[in-house]
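**Q** Here it is, the structure, as structure tokens.
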Amino acid sequence: MQKGNTKERILAAALDLFSVKGYDGTTIDDIAARVGIKGPSIYKYLKGKADLLSALGEKTEEEYNTGMDKVLSEAEKVHSGKDLKEFTMHSVMFTINSEVITKMRRMLSIEQFRNEEFAERTTTYHIKKITTLFTNLFQRLMDEGVMIKGDPEIFAMEYTASTTLLIHMSDRQPEKKPEALATIERLVDSYIDRHCLIK
């Protein structure tokens with residue numbers, strides 16, 4: 257097997273285990289056993305757990321940014337409540353269906369209380385980035401007369417908070433994903449009904 261393929265398998269196994277047992281609860285030997293190699297063999301591909309985590313962070317960031325580039329280009333096409341709903345549901349489907357992002361989100365949820373770096377990453381991905389995206393979008397929609405006037409950041413927080421909680425519920429209980437998606441759609445419909453002047 258080629259070195260690159262083995263490294264990818266190591267990263268995939270690490271993410272699987274980190275998303276269930278946490279970073280601190282997973283050993284190099286656990287990861288090696290999942291891949292079917294001896295623990296010391298991992299050091300041919302990575303320097304250790306910290307290096308492995310860094311590589312996973314880059315992989316997740318790459319997937320997130322690739323998806324978000326598409327999301328951001330679609331945000332420019334939002335000019336009505338109907339557009340906002342389509343954009344929101346598409347964004348939710350992206351984040352809820354990406355296996356890599358879902359597993360990283362689970363790991364961050366486990367580790368955020370034990371590690372300052374994980375705490376900051378959790379805040380960045382679960383609050384800051386999504387709030388900034390919708391703050392900018394809502395400001396534009398207000399300027400265009402599509403949404404009622406108000407504080408776009410507060411509107412964005414109101415809009416995204418419940419959705420984020422429901423996404424986390426589906427992370428914890430995958431069998432509740434259809435329920436989470438249905439509830440998110442109802443929340444979006446209700447929000448658009450109350451805040452959008454152009455439906």
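Here the working numbering is used: the first residue of the sequence shown is 257, the next is one more, and so on.
By construction, the Cβ of each residue, glycine as well, lies at the ideal position given by its N, Cα and C atoms.
The structure presented is a predicted model; accordingly, all values stated were derived computationally and were not measured.
(1) Note down the Cα distance separating valine 356 from glycine 323, rounded to an integer number of angstroms.
(2) If you check the beta carbons only, do histidine 451 and isoleucine 404 fall under 8 Å apart?
(3) Leaving out five residues on either side along the sequence, give the residues of the same chain with a beta carbon under 7 Å from the beta carbon of threonine 316.
(4) Beta carbon of glutamine 368, beta carbon of threonine 378: below 8 Å?
(5) Which value, in whole angstroms, describes the spacing of the CA atoms of aspartate 449 and lysine 455?
(6) Please report the distance separating the alpha-carbon of glutamine 258 from that of glutamate 264.
(7) Based on the DSSP output, what are the partners of methionine 403 in its beta bridges?
(8) Identify which residue in Ser297, Ile266, Pro296, Asp427 has its Cα closest to the Cα of arginine 290.
(9) Please list the terminal residues of the continuous alpha helix (DSSP H) segment that includes lysine 338.
**A** Inspection of the coordinates gives the following:
(1) Walking along the sequence shown from the start, residue 356 turns up at place 100. Walking along the sequence shown from the start, residue 323 turns up at place 67. Using only the alpha carbons, I get a separation of about 12 Å.
(2) If you number the sequence shown from 1, residue 451 lands on position 195. If you number the sequence shown from 1, residue 404 lands on position 148. Cβ atoms of histidine 451 and isoleucine 404: closer than 8 Å.
(3) In the sequence shown, counting from the first residue as 1, residue 316 sits at position 60. Spatial neighbours of threonine 316 in its own chain (CB-CB distance under 7 Å, excluding positions within 5 residues in sequence) are listed in chain order as Val356, Ile357, Met360.
(4) As a position in the sequence shown, residue 368 is number 112, starting the count at 1. As a position in the sequence shown, residue 378 is number 122, starting the count at 1. One thing to note: glutamine 368 has its Cβ within 8 Å of the Cβ of threonine 378.
(5) Counting from 1 along the sequence shown, the entry for residue 449 is found at position 193. Counting from 1 along the sequence shown, the entry for residue 455 is found at position 199. Aspartate 449 and lysine 455: Cα-Cα distance of roughly 8 Å.
(6) Within the sequence shown, residue 258 is the residue found at index 2, counting from 1. Within the sequence shown, residue 264 is the residue found at index 8, counting from 1. Since pLDDT at glutamine 258 reaches only 45, below the 50 mark, its modelled position is unreliable, and the value read off the structure follows with that caveat. Each residue's Cα considered, the two are about 10 Å apart.
(7) If you number the sequence shown from 1, residue 403 lands on position 147. Among the bridge pairs identified by DSSP, methionine 403 is matched with Cys452.
(8) Counting from 1 along the sequence shown, the entry for residue 290 is found at position 34. The residue from Ser297, Ile266, Pro296, Asp427 with its alpha-carbon nearest to that of arginine 290 is Ile266.
(9) Indexing the sequence shown from 1 puts residue 338 at position 82. Element bounds for lysine 338: 337 to 353.
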